[in-house]
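Q: Got a structure here, written out as structure tokens. Questions coming.
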Amino acid sequence: PLTYEYTGTAQHHGITGYKYELGPKSLGNSSYRHFPHNTAKYFDRPSTTEDFLNADYSTRKSIINNPDPDSYDMGQCYCDGECSPMGVINVTACRYGAPAFVSLPHFLNGDPSLRESVNGLNPNEKEHSFYFLLEP
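Using the working numbering, the first residue of the sequence shown is number 4, and each one after it goes up by one.
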């Protein structure tokens, strides 16, 4: 595996992956270990795109919206004093202090107050989730 760590802990600021030609031969129904904890690495289902077999991987809702304070919530890793509302990750530390926040489109799975403050948002699980496809 190739590993690159940003500042901070590897759990929240690192990427571990494989060069394409050196990657695992078959991923099957297992987690993909390219991204940090709880990001898009969970196998959902096989699919096809233009006759290519894919393995579909997605994230879990807990990455940005976990109402259980005793459970892991990636958004809470980036709190600097006051935490962002559920559904928004403060990544300012990753941007060398420049204010930056990340969310899913239309604040999908976020705190309802986020959507109420902007007109025209219509989160849709099918259209706004984060996922990726790999050819096994």
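Beta carbons are placed, not taken as given, at the ideal position from N, Cα and C, and that holds for glycine. Remember, it's a predicted structure, so these values are computed and weren't measured experimentally.
Using DSSP with H/G/I as helix, E/B as strand and the rest coil, what is leucine 117?
A: Position 114 of the sequence shown, counting from 1, holds the residue named residue 117. Helix.
Q: What is the rounded straight-line gap between the Cα of asparagine 93 and the Cα of asparagine 57?
A: To locate residue 93, count along the sequence shown from 1; it is residue 90. To locate residue 57, count along the sequence shown from 1; it is residue 54. One C-alpha to the other measures close to 32 angstroms.
Q: Thinking leucine 107 and serine 87 are a contact (beta carbons under 8 angstroms), I'd like their distance in whole angstroms, please.
A: Translated into positions along the sequence shown, residue 107 becomes position 104. Translated into positions along the sequence shown, residue 87 becomes position 84. Contact doesn't hold; Cβ gap of about 13 angstroms is too wide.
Q: Three-state secondary structure (DSSP) at phenylalanine 110?
A: Here residue 110 refers to the residue found at position 107 of the sequence shown. DSSP places phenylalanine 110 within a helical segment (H, G or I) once states are collapsed to three.
Q: Do you know offhand how far threonine 62's Cα is from glutamate 130's?
A: By one-based count along the sequence shown, residue 62 stands at place 59. By one-based count along the sequence shown, residue 130 stands at place 127. The straight-line gap from Cα to Cα measures roughly 14 angstroms.
Q: Could you give the first and the last residue of the continuous beta strand (DSSP E) run that contains asparagine 57?
A: Translated into positions along the sequence shown, residue 57 becomes position 54. Start and end: 55–61.
Q: Within the continuous alpha helix (DSSP H) that includes glutamate 130, where are the two ends?
A: As a first step, residue 130 is located in the sequence shown; it is residue number 127 there, counting from the start. Its alpha helix (DSSP H) spans residues 128–131.
Q: How many Å lie between histidine 46 and phenylalanine 110 at the Cα?
A: Your numbering for residue 46 matches position 43 in the sequence shown. Your numbering for residue 110 matches position 107 in the sequence shown. The question names histidine, yet the displayed sequence has phenylalanine at residue 46. When rounded, the distance between both Cα atoms is 23 angstroms.
Q: First and last residue of the beta strand (DSSP E) that includes tyrosine 134?
A: Stepping through the sequence shown from its first residue, residue 134 is reached at position 131. Element bounds for tyrosine 134: 134–137.
Q: Within 10 Å of its beta-carbon, does tyrosine 99 have 16 or more other beta-carbons around it, so buried, or fewer, so exposed?
A: Here the question's residue 99 lines up with position 96 in the sequence shown. When all chains shown are included, tyrosine 99 counts as exposed.
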